[in-house]
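Visitor: Each residue of the sequence shown is one higher than the last, beginning at 288 in the numbering used here.
Glycine residues also receive a C-beta, built at the ideal position from the N, C-alpha and C atoms.
My questions all concern the structure below.
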Amino acid sequence: MRFRFGTILLICFALVAQSAANASSIVLSVKDQTGAGIPNAHVQIVPSPSNIQDKLTTDSHGELSLDVSPGSYEVTVESLGFAKAARRVKVKGDTPQTINIVLKVWLCSQCPIVTNVFAVPFPAKSLAVSPDGRYAIIGVDTDREPYHTVFLEDRVLNTRRKLFNYDRNIVLLWKPDSKLFAVTDYTGSDSSQCRIISADEDAPPIQVLDILSRQLSEDA
């Protein structure tokens with residue numbers, strides 16, 4: 288009986304070793320259209336390999352390293368602000384592979400019309416349109432980190448760009464010319480911020496509280 292039990296163990300170890308030897312190393316490299324890596328992108332592989340966790344995400348460089356058995360897989364990648372990408376991947380057993388996946392910016396083809404354009408808190412209301420109707424500030428909520436993300440949508444060019452993530456509620460106010468808007472997070476926080484952001488992505492945001500603090504110091 289001891290001999291049979293030992294033989295079974297040896298066979299199991301041999302099968303595990305053979306499975307590990309047959310596994311192939313792959314690196315999924317997820318980037319945007321500018322070539323920048325996209326961190327925290329959610330990856331799904333079908334059929335799901337037995338040796339990997341259910342929730343897969345890219346690292347800070349937009350990469351995900353895996354050991355999978357040779358074969359054909361359907362890889363789907365999602366990230367906030369980008370269109371979902373799906374690709375059929377054939378994994379070979381002899382050499383490591385790098386699989387490049389490019390995510391395109393999500394384009395809005397049909398955008399709802401909203402009339403309440405001022406002082407909109409998130410996430411109770413998740414959209415605020417500029418006075419001229421060209422731009423919309425959109426809040427996207429998910430059950431994964433980052434839980435709340437804010438985008439600026441250009442309804443003429445049908446594009447979106449990510450502005451920032453936030454933890455609590457925010458309040459924003461458009462300037463009447465639709466070129467600037469002010470945004471602040473939940474009032475009363477020790478780390479509250481107030482920023483002025485331009486619809487022109489080349490213009491850096493202005494930290495209002497920092498400017499006021501410097502001005503008060505100079506006046507004192």
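Among the residues of its own chain, which have a CB less than 7 Å from the CB of R374, if the five just before and after it don't count?
Guide: Excluding positions up to five away in sequence, the list reads V362, I388.
Visitor: Over the uninterrupted beta strand (DSSP E) stretch that includes E361, give me the two end residues.
Guide: Per DSSP, E361 belongs to the beta strand (DSSP E) from 358-365.
Visitor: Starting from N387, follow its DSSP beta bridges and name the residues at the other end.
Guide: BP columns for N387 point to S316.
Visitor: Quick one: what does DSSP say V392 is sitting in, helix, strand or coil?
Guide: Three-state DSSP puts V392 in a strand.
Visitor: Does the pairing of the segment 417-426 with the segment 436-445 give three or more beta-carbon distances under 8 Å?
Guide: A contact exists between the segment 417-426 and the segment 436-445.
Visitor: Just the Cα atoms here: how many angstroms apart are R482 and P418?
Guide: Their Cα atoms are separated by approximately 19 Å.
Visitor: Looking only at its chain, what residues have a beta carbon closer than 7 Å to the beta carbon of T471, apart from the 5 residues adjacent to it on each side?
Guide: I457, V458, S479, Q480, C481.
Visitor: Going by C-alpha distance, which of P491, T446, K449, R447 is nearest L467?
Guide: Looking at the Cα atoms, P491 is the closest of the given residues.
Visitor: Taking the straight line between their C-alpha atoms, what separation do you get for V333 and A323?
Guide: Straight-line Cα distance between these residues: approximately 26 Å.
Visitor: Name the two residues that bound the continuous beta strand (DSSP E) containing Q331.
Guide: Note, Q331: beta strand (DSSP E), 329-333.
Visitor: Between T345 and L351, how many whole angstroms is the CB-CB distance? I'm expecting something under 8 Å.
Guide: Yes, T345 and L351 are in contact; Cβ-Cβ is about 5 Å, under 8 Å.
Visitor: In whole angstroms, what is the alpha-carbon distance linking T429 and H435?
Guide: Going from the Cα of T429 to the Cα of H435 covers about 7 Å.
Visitor: Where does Y314 land, buried or exposed, given buried means 16+ other C-beta within 10 angstroms?
Guide: The amino acid occupying residue 314 in the given sequence is Val; Tyr does not appear at that position. Classification of V314: exposed, given that the 10 Å Cβ count is below 16.
Visitor: Take G358 and list the residues in its own chain whose beta-carbon comes closer than 7 Å to its own, dropping the five residues that flank it on each side.
Guide: Correct list, in chain order: V378.
Visitor: Report the option in I325, V355, E365 whose CA atom is closest to the CA atom of S347.
Guide: If we check each option's Cα against that of S347, I325 comes out closest.
Visitor: Taking 8 Å as the cut-off, decide whether the C-beta atoms of L343 and V330 are in contact.
Guide: The answer is yes: Cβ separation under 8 Å.
Visitor: Let me make sure I understand the geometry here. Which of D381, R448, S500 has the alpha-carbon closest to that of I484?
Guide: Out of D381, R448, S500, R448 has the C-alpha closest to the C-alpha of I484.
Visitor: By the 10 Å Cβ neighbour count, where 16 or more other Cβ atoms means buried, how is L496 classified, buried or exposed?
Guide: Exposed.
Visitor: May I ask which residues mark the beginning and end of the beta strand (DSSP E) holding E432?
Guide: No beta strand (DSSP E) contains E432, which DSSP labels as neither H nor E.
Visitor: Where do the ends of the beta strand (DSSP E) carrying E350 lie?
Guide: Per DSSP, E350 belongs to the beta strand (DSSP E) from 350-355.
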